[in-house]
Amino acid sequence: MTDEREITLTINGTEHTLEVEPRRLLVHAIREDLDMTGTHIGCDTGNCGACTILKDGEPIKSCLMFAAQADGAEILTVEGMEDLPEATDLHPLQEGFKAEHGLQCGYCTPGMLMAGKALLDENPDPDEETIRDAISGNLCRCTGYQNIVSSIEYAADELADRTATDGGAVTAEPGGGDGPGADDAEAVCGQSECCGGPDADLFERDYPTEDTDT
Amino acid sequence: MSSDHENAPEADTEYQHAEDDGPQPEKHCGHGRGGMGEEVSRKEDKRFITGRGNYVDDIKKPDMLHCEIVRSPHAHARVKDIDGSRAEAMDDVVAVLTAEDLLEHDLATMPTLMDDTQDVLVNEKVKFQSQEVAAVIATDRYTAKDGAEKVEVDYEVLDPVVDAQDALDAEAPLIRDELDDQEDNHIFDWETGDKDATEAVFDAADVTIEEDMNYQRLHPAPIETCGAVADWDPGMDKMTVHMTSQAPHAHRTLFSQVSGIPEHKVRIVSPDVGGGFGNKVPIYPGYVVAAAASFVLEQPVKWVEERSENIQSTGFARDYDMTGELAATEDGVIEGVKVDVLANHGAYNAAAQPTKFPAGFFNIFTGSYDIEAAYGSLTAAFTNTAPGGVAYRCSFRVTEAVYLIERLVNVLADELDVDPAEIRRRNFIPSDAFPYESATGWNYDSGDYEKALDKALEMADYEHYREEQQRRIENDADKLLGIGISSFTEIVGAGPGEQCDIAGIEMFDSADIRVNPTGNAVLRIGVQTQGQGHETTFAQIVAEELGMDVDNISVEHGDTDTEPYGLGTYGSRSTPVAGAATAVAARKVRDKAKSIAANELEAAEEDIEWDRESGEFHVAGAPDRSITITEIAAGAYMNHPGGEEPGLEATNYYDPPEMTYPFGSYIVVVEVDRETGEVDFEKFVAVDDCGNRINPMIIEGQIHGGLAQGIATAMLEEVTYDDNGNVTGGDFMNYLLPTANEIPNFDTGHTVTPSPHHPIGAKGVGESPTVGSPPAIVNAVVDAMNHAGVSHVEMPMTPDVVWAALDDAGLAHKPAQNVEFEFDGASGSADD
Numbered sequence: 098m099t100d101e102r103e104i105t106l107t108i109n110g111t112e113h114t115l116e117v118e119p120r121r122l123l124v125h126a127i128r129e130d131l132d133m134t135g136t137h138i139g140c141d142t143g144n145c146g147a148c149t150i151l152k153d154g155e156p157i158k159s160c161l162m163f164a165a166q167a168d169g170a171e172i173l174t175v176e177g178m179e180d181l182p183e184a185t186d187l188h189p190l191q192e193g194f195k196a197e198h199g200l201q202c203g204y205c206t207p208g209m210l211m212a213g214k215a216l217l218d219e220n221p222d223p224d225e226e227t228i229r230d231a232i233s234g235n236l237c238r239c240t241g242y243q244n245i246v247s248s249i250e251y252a253a254d255e256l257a258d259r260t261a262t263d264g265g266a267v268t269a270e271p272g273g274g275d276g277p278g279a280d281d282a283e284a285v286c287g288q289s290e291c292c293g294g295p296d297a298d299l300f301e302r303d304y305p306t307e308d309t310d311t
Numbered sequence: 002m003s004s005d006h007e008n009a010p011e012a013d014t015e016y017q018h019a020e021d022d023g024p025q026p027e028k029h030c031g032h033g034r035g036g037m038g039e040e041v042s043r044k045e046d047k048r049f050i051t052g053r054g055n056y057v058d059d060i061k062k063p064d065m066l067h068c069e070i071v072r073s074p075h076a077h078a079r080v081k082d083i084d085g086s087r088a089e090a091m092d093d094v095v096a097v098l099t100a101e102d103l104l105e106h107d108l109a110t111m112p113t114l115m116d117d118t119q120d121v122l123v124n125e126k127v128k129f130q131s132q133e134v135a136a137v138i139a140t141d142r143y144t145a146k147d148g149a150e151k152v153e154v155d156y157e158v159l160d161p162v163v164d165a166q167d168a169l170d171a172e173a174p175l176i177r178d179e180l181d182d183q184e185d186n187h188i189f190d191w192e193t194g195d196k197d198a199t200e201a202v203f204d205a206a207d208v209t210i211e212e213d214m215n216y217q218r219l220h221p222a223p224i225e226t227c228g229a230v231a232d233w234d235p236g237m238d239k240m241t242v243h244m245t246s247q248a249p250h251a252h253r254t255l256f257s258q259v260s261g262i263p264e265h266k267v268r269i270v271s272p273d274v275g276g277g278f279g280n281k282v283p284i285y286p287g288y289v290v291a292a293a294a295s296f297v298l299e300q301p302v303k304w305v306e307e308r309s310e311n312i313q314s315t316g317f318a319r320d321y322d323m324t325g326e327l328a329a330t331e332d333g334v335i336e337g338v339k340v341d342v343l344a345n346h347g348a349y350n351a352a353a354q355p356t357k358f359p360a361g362f363f364n365i366f367t368g369s370y371d372i373e374a375a376y377g378s379l380t381a382a383f384t385n386t387a388p389g390g391v392a393y394r395c396s397f398r399v400t401e402a403v404y405l406i407e408r409l410v411n412v413l414a415d416e417l418d419v420d421p422a423e424i425r426r427r428n429f430i431p432s433d434a435f436p437y438e439s440a441t442g443w444n445y446d447s448g449d450y451e452k453a454l455d456k457a458l459e460m461a462d463y464e465h466y467r468e469e470q471q472r473r474i475e476n477d478a479d480k481l482l483g484i485g486i487s488s489f490t491e492i493v494g495a496g497p498g499e500q501c502d503i504a505g506i507e508m509f510d511s512a513d514i515r516v517n518p519t520g521n522a523v524l525r526i527g528v529q530t531q532g533q534g535h536e537t538t539f540a541q542i543v544a545e546e547l548g549m550d551v552d553n554i555s556v557e558h559g560d561t562d563t564e565p566y567g568l569g570t571y572g573s574r575s576t577p578v579a580g581a582a583t584a585v586a587a588r589k590v591r592d593k594a595k596s597i598a599a600n601e602l603e604a605a606e607e608d609i610e611w612d613r614e615s616g617e618f619h620v621a622g623a624p625d626r627s628i629t630i631t632e633i634a635a636g637a638y639m640n641h642p643g644g645e646e647p648g649l650e651a652t653n654y655y656d657p658p659e660m661t662y663p664f665g666s667y668i669v670v671v672e673v674d675r676e677t678g679e680v681d682f683e684k685f686v687a688v689d690d691c692g693n694r695i696n697p698m699i700i701e702g703q704i705h706g707g708l709a710q711g712i713a714t715a716m717l718e719e720v721t722y723d724d725n726g727n728v729t730g731g732d733f734m735n736y737l738l739p740t741a742n743e744i745p746n747f748d749t750g751h752t753v754t755p756s757p758h759h760p761i762g763a764k765g766v767g768e769s770p771t772v773g774s775p776p777a778i779v780n781a782v783v784d785a786m787n788h789a790g791v792s793h794v795e796m797p798m799t800p801d802v803v804w805a806a807l808d809d810a811g812l813a814h815k816p817a818q819n820v821e822f823e824f825d826g827a828s829g830s831a832d833d
């Protein structure tokens, strides 16, 4: 209904040019115009944080910003986490949410991951109170937050381990870094309270197609 | 309420996992097969942590239209005229729908789950604020909204009534004047128990106590609101509705009944669901409007609520005004319980509970106690508020019942000056009394209440905090300490078909297992996860029962075209009912596998044994002659025994013989600030018993989440209305969900008392924490002020409410007058 204008958004390292109405919310541009539906909408009033993304490194609620306001910005969404330099298969935060059971229905999870990422970029070794403060703009109805806090602590520890292993070479620059390799923790079964046997990867296990002893 | 069921299998006692004080189960790391009791990492996580989930609002179809609903700003008003012409004149608006349009297709009304009739779009009269009046269909979300603003509705505003007591007044405005036999706002009266016997016990009792308490109106408020994408296929004459549904099959039947489209031409798909908590059990007008619009326009139509629409128009929970009484001996042995309830059901009777239970399972209000006589009465009223009465993380009003009895027991303890832990001990149903029939007719399956309480007391360091509490009272400390206990019993797993039905359909559930030639399997179930982790836990049941690795089992749910019929997930019924169906279906597969094993091993079928430990089949007396399920699967398709059907699959529809009765003890220690009324959680201990445990990690996660919702209930949440029927707590600015800053860390523990009638000895668990924790929290806050005579504080216990209670009891600390404040180095007094 209103004149559209052309904007450029660099999302997860890829530049997109699109025509938007001035009133179009950033979250709708991301979800509906660019089909990246990992970022969610839960409240329309900026309370729930399901739409949290990083804009030029800062966590913002993308339902409270017009797409046009983000013209020229570098944006990170959940879809970009696996490609960050500190990620192996997954980003340590993603690994943490899985390992610590930091999600149930998954709806708030992308926003929580973004809030966690913003925190760890700023403060690599946060205490519990700091973590709780950092995610206090993100509502979760399923987990009671305790395991989300643990998930972020897991990621902080994992990133610290990698930094130590790499001599501090982890960088947040897109395309920078060569990706940390397998760390010591993966030499044995990586799960806490486990049997202490050899590692079984979180997702990619080899299954015997035949398992016969006859 | 027992029943005989030929379908009910014997409980399998071959294994007992996770004994309460035994070693904790291993995390699943590829070294066990991921069966019962293992902390298997969740199969569903990967798509959620990588942004690949697929929720309703993520669905995009070619030529998809968007629906925006025009809602009434008034709570009670006659609609004199709707003019949609200005909207229809807009370029990208495709249609404006009103009740008149829906009447043409016989879709103007829809049945509620309690057999009332609700307008899909208002026909004549608005009965609550935000009720659906018209719908605008446009090519995009923004234009649909623009169009909705251009629809002009002429209202004749009527006097509303929002309070249930006021609604029953003879002078109150009549809300449901369209109903022929409705002359007032009274819906129904309900009674339970034995009135005369209970009165006799009260007349003869040493001690009686009484307390009024309100269970405020809540909303489940899942972070994902409700929504649908309806897609009518005129070539196939088939309606597909992707919707936020906790009960896809039941919704298919209801959709078919409402629309007249034959049920085999209706497909409901519930994709990833962003939390439900009971909110997504009913059918709402938005779903029907989207389907009607798709049918008329022959294009897909998306409707997704905004948050305020969700809270203001979809199913609320609770809203029970209760008066409870106990009769007891001077030693604190409870002999009788009485309760009287006034229930606000809103503008339609749209509660979500089994048809024969208009007050749900509220008559479980004898709780964990052996009480001789019980009587309850309830009156339900229409008001000019949103319709509802859904079970918000609750098995049909058990939450209200548990709150009532656990508060009353504390009031009695206070009256007799007996420790709240001790008074519970004196009244628990003894562990050797199970199965136990309660005074209101429920047949409890198993329990050991004292054991759970003892464990919780020890974990909470109860005696230490009692001493600390006394010390603070003596020292007139700024922060008082309160200790609250709740020893609750839940009733979950609805339910036996002869007792429980939804719209006539018995509340069985189902499982269908198909083992593939290469030895992996697909399990399809009739229940629908909204975050509970079914794709993992149900696979674990199959892994346990078939000797298969959990990673080789896929679980499918939520698509009525492929899944067996089931009643869905709510009331903690998935594990008790569909979990049982899964175990029984797996055992059927195992039976067939034995004949294939016999064929492969060249032995007689009766000589084939299955070993649970190894998960393999072998010849009796010759463990070396063994065969795995993988090899058997190959045999079923490539070398099947003559005279038998090829393939390896089984289906079970499970009608549970009884409910299951999980229980637990929660202990909460709070600090109450005498100056501000703020409440801080010092310690929060939750000991739960849900029988045999499938996945301890997932159970603990469920407990955490439910406890957070219990805190939300006790401390923050309430849907409020003003006298004009305006919703004043209808969005996340005003309906306060707790953040990470309001929720403490929880200490969880468990005991294991298997259900004797469930095939794997399991009970439901997801709702226990929401049901059990609010009374523990209120008991704690009251306990902090109890020495000054406070016997009750109403929820939500916001700081102003707590401060008022402190002030009434003479406990409030007030700031000294003329306190000096400093602002940027300059000083002044508060009175300046």
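Chains as they are written, first to last, in the numbering used here: chain A, 98 to 311; chain B, 2 to 833.
For each residue, glycine too, the CB sits at the ideal point set by N, CA and C.
Note that the structure is predicted; figures quoted are calculated from it, not measured.
Neighbourhood of residue 45 (chain B) by C-beta, 6 Å cutoff - its chain only, sequence neighbours within 5 removed: In its chain, beyond the 5 residues on either side, 536 have a beta carbon closer than 6 Å to the beta carbon of residue 45 (chain B).
Cross-chain neighbours of residue 138 (chain B) in chain A, by beta carbon under 7 Å: Listed by position along chain A, the residues whose Cβ is nearer than 7 Å to that of residue 138 (chain B) form an empty set, because the closest Cβ is around 16 Å away.
Nonlocal neighbours in the same chain, by C-beta distance under 6 Å from residue 143 (chain A), ignoring five residues either side: Non-local C-beta neighbours of residue 143 (chain A) in its own chain, meaning closer than 6 Å and more than five positions away in sequence, comprise 158 and 161, ordered along the chain.
Exposure of residue 615 (chain B), with buried meaning 16 or more beta-carbon neighbours within 10 Å: Answer is exposed; the Cβ neighbour count stays below 16.
Within chain A, partners of residue 59 (chain B) - CB distance below 7 Å: Residues of chain A whose Cβ lies closer than 7 Å to the Cβ of residue 59 (chain B) are, in chain order, 134.
Residues in the stretch 204 to 225 of chain B having any Cβ partner in chain A nearer than 9 Å: Against chain A - using a Cβ distance shorter than 9 Å - the residues of the stretch 204 to 225 of chain B are 221, 222, 223, 224 and 225.
Under the three-state DSSP convention, the category residue 359 (chain B) falls into: In the structure shown, residue 359 (chain B) sits in coil (DSSP, three-state: anything other than H, G, I, E or B).
Contacts that residue 744 (chain B) makes with chain A (C-beta to C-beta distance below 7 Å): Those within 7 Å of residue 744 (chain B) in chain A are 241 and 242.
Contact with chain B by residue 320 (chain A), beta-carbon distance below 9 Å: Given a span of 98 to 311 for chain A in the structure shown, any question on residue 320 (chain A) remains unanswerable.
Sequence-distant residues of the same chain with beta carbon closer than 6 Å to residue 23 (chain B), five excluded per side: Reliability fails at residue 23 (chain B), whose pLDDT of 42 lies under 50, so the model's placement of it is uncertain and the value that follows must be treated cautiously. There are no such residues.
Contacts that residue 329 (chain A) makes with chain B (C-beta to C-beta distance below 7 Å): The question about residue 329 (chain A) has no answer, for chain A in this structure spans 98 to 311.
Short-range partners of chain B found in the stretch 141 to 159 of chain A, where Cβ spacing is below 8 Å: Answer in chain order: 141, 142, 144, 145 and 147.
Whole alpha helix (DSSP H) elements within the stretch 198 to 248 of chain A, 4-residue minimum: Whole alpha helix (DSSP H) segments, 4+ residues: 206 to 219 and 225 to 231.
Residue burial classification, residue 346 (chain B) (beta-carbon count within 10 angstroms, cutoff 16): By the 10 Å Cβ count, residue 346 (chain B) comes out buried.
Contacting positions in the stretch 302 to 318 of chain B - beta carbon closer than 7 Å to chain A: If the cut-off is 7 Å between Cβ atoms, the stretch 302 to 318 of chain B has 307 and 308 near chain A.
Paired residues, beta bridge with residue 1 (chain B) - DSSP: Outside the modelled stretch of chain B, which goes from 2 to 833, sits residue 1 (chain B), for which no answer is possible.
Cutoff 9 Å: residue 324 (chain B) Cβ touching any chain A Cβ: Cβ-Cβ to chain A under 9 Å: no for residue 324 (chain B).
Host alpha helix (DSSP H) of residue 309 (chain B) (start-end): Residues 308 to 314.
Cutoff 9 Å: residue 312 (chain A) Cβ touching any chain B Cβ: Nothing can be reported for residue 312 (chain A), as the shown portion of chain A is limited to 98 through 311.
Residues from the stretch 699 to 711 of chain B in contact with chain A, defined by Cβ distance under 9 Å: So the list reads 699, 701, 702, 703, 704, 705, 706, 707, 708, 709 and 710, given in the order they occur along the chain.
Host alpha helix (DSSP H) of residue 667 (chain B) (start-end): Note, residue 667 (chain B): premise wrong, no alpha helix (DSSP H); beta strand (DSSP E) at 664 to 674.
Beta-ladder partner(s) of residue 239 (chain B), from DSSP: Looking at the DSSP output, residue 239 (chain B) shares a beta bridge with B:234.
Simplified DSSP assignment, three categories, for residue 814 (chain B): Here residue 814 (chain B) sits in coil by DSSP.
Boundaries (first-last residue) of the alpha helix (DSSP H) holding residue 149 (chain A): First-last for residue 149 (chain A): 149 to 152, but that is the beta strand (DSSP E), not the alpha helix (DSSP H).
Exposure label - residue 734 (chain B); buried when at least 16 CB within 10 Å: So residue 734 (chain B) counts as exposed.
Residue 203 (chain A) classed as buried or exposed, judged by whether at least 16 other C-beta atoms fall within 10 angstroms: Buried, since its Cβ has 16 or more Cβ neighbours within 10 Å.
Inter-residue CB distance, residue 363 (chain B) and residue 398 (chain B) (contact presumed, cutoff 8 Å): For residue 363 (chain B) against residue 398 (chain B), the beta-carbon gap comes to about 4 Å, under 8 Å, which counts as contact.
Where residue 605 (chain B) falls, given that 16 or more other Cβ within 10 Å makes a residue buried: Exposed: under 16 other Cβ atoms inside 10 Å.
Assigned secondary structure, residue 112 (chain A) (DSSP; H/G/I helix, E/B strand, else coil): DSSP places residue 112 (chain A) in strand when its eight states are reduced to three.
Residue-level contact to chain A via CB, residue 278 (chain B), 9 Å cutoff: A Cβ of chain A is located within less than 9 Å of the beta carbon of residue 278 (chain B).
Contact set for residue 207 (chain A): own chain, Cβ-Cβ below 8 Å, skip 5 residues either direction: So the list reads 135, 136, 137, 147, 149, 174 and 175, once near-sequence residues are dropped.
Alpha helix (DSSP H) runs contained entirely in the stretch 200 to 287 of chain B, provided each spans 4 or more residues: Annotation: the stretch 200 to 287 of chain B contains the following complete segments of the alpha helix (DSSP H) (minimum length 4 residues), in chain order: 249 to 260.
Proximity test, Cβ basis, 9 Å: residue 178 (chain A) and chain B: Taking Cβ atoms only, chain B reaches closer than 9 Å to residue 178 (chain A), which makes this a yes.
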